[in-house]
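Each remark here refers to the structure printed beneath this line.
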Amino acid sequence: MSNSTEATFLRLINQHKGILYKASRIYADSIEDREDLQQEIMIQLWKSYQTFKGNSEFSTWMYRVAINTAITFFKKEKQRTNHHTDTPHHFEFQNEEYNPSKDKQLEIFYKAVQELKPLEKAIIFYFMEGLSHKEIGNNMGLSEGNARVKLNRTKEKIQNIIKKSGYEF
1 MSNSTEATFL RLINQHKGIL YKASRIYADS IEDREDLQQE IMIQLWKSYQ TFKGNSEFST
61 WMYRVAINTA ITFFKKEKQR TNHHTDTPHH FEFQNEEYNP SKDKQLEIFY KAVQELKPLE
121 KAIIFYFMEG LSHKEIGNNM GLSEGNARVK LNRTKEKIQN IIKKSGYEF
């Protein structure tokens, strides 16, 4: 790929880096796992960037890659070996430190989300990003009505997990 392609890719990633932080926070519990997952998402984004046709928004495509990578990442983690890919090293980015003492409610929420199934995590991730029921459905291959029902059930499940843990918002 050319330098201009690389520059465009980096600019788009920077514009939407919140997607990386949120996806890794939802799917990984420890800071180390979050950093590993963010790096893996970056690798997958770079590998598949040449197939991005621009038929959808870059952010929509990035959501899909991030979620799919997160869902498969920890399944493969045990059998993965630490080998380097051809991803340029300058794709690394500074991780914004998450300070749980700053926002206890958010920490409680993320702990509850950790207990969800992978597809429920994806629905909550899309919801947190402000996607409509229709957009959530399109990204997950569901009808708008089915996406609404699954989102409501997932929200209820999170509330029940939090109640069982003894925390109140």
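Note that the sequence shown covers residues 1 to 169 in full-length UniProt numbering. We put the CB at the ideal spot given by N, CA and C, even for glycine.
Unbroken alpha helix (DSSP H) run spanning N139, endpoints: Under the DSSP assignment, N139 falls in the alpha helix (DSSP H) whose first and last residues are H133 to M140.
Check for me: the alpha helix (DSSP H) holding N55 runs from which residue to which? Per DSSP, N55 belongs to no alpha helix (DSSP H) and is neither H nor E.
Can you tell me whether L106 is helix, strand or coil according to DSSP? Correct three-state label for L106: helix.
Spatial neighbours of D29 in its chain, beta-carbon cut-off 7 angstroms, leaving aside the 5 residues before and after: Result list for D29: Q114, in chain order.
Considering only the alpha carbon of each residue, which of E107, K22, I67 and N139 lies closest to S165? That would be E107, whose Cα lies nearest to the Cα of S165.
Give the secondary structure of A28 by DSSP, where H, G and I count as helix, E and B as strand, and everything else as coil. Under the three-state reduction of DSSP output, A28 falls in the coil class, being neither helix nor strand.
Out of curiosity, what's the CA-to-CA distance linking R148 and Y49? R148 and Y49 have their alpha carbons spaced roughly 30 angstroms apart.
Looking at L151 and F125, is the spacing between their C-beta atoms short of 8 angstroms? It is not a contact, given that the beta carbons lie outside the stated cut-off.
Best match in T69, N139 and I136 for proximity to R34 [C-alpha to C-alpha]: Out of T69, N139 and I136, T69 has the C-alpha closest to the C-alpha of R34.
Quick check: the Cα distance between K111 and S143, rounded to an integer number of angstroms? If you take the alpha carbons of K111 and S143, they lie about 29 angstroms apart.
Pairwise C-alpha distance: S24 and I31: Distance between the alpha carbons of I31 and S24 is about 9 angstroms.
DSSP state of L12 mapped onto helix, strand, coil: Look at L12 here: in three-state DSSP terms it is helix.
Anticipated Cβ contact below 8 angstroms, L37 with Y27, distance rounded: Rounded to the nearest angstrom, the Cβ distance from L37 to Y27 is 6 angstroms, consistent with a contact under 8 angstroms.
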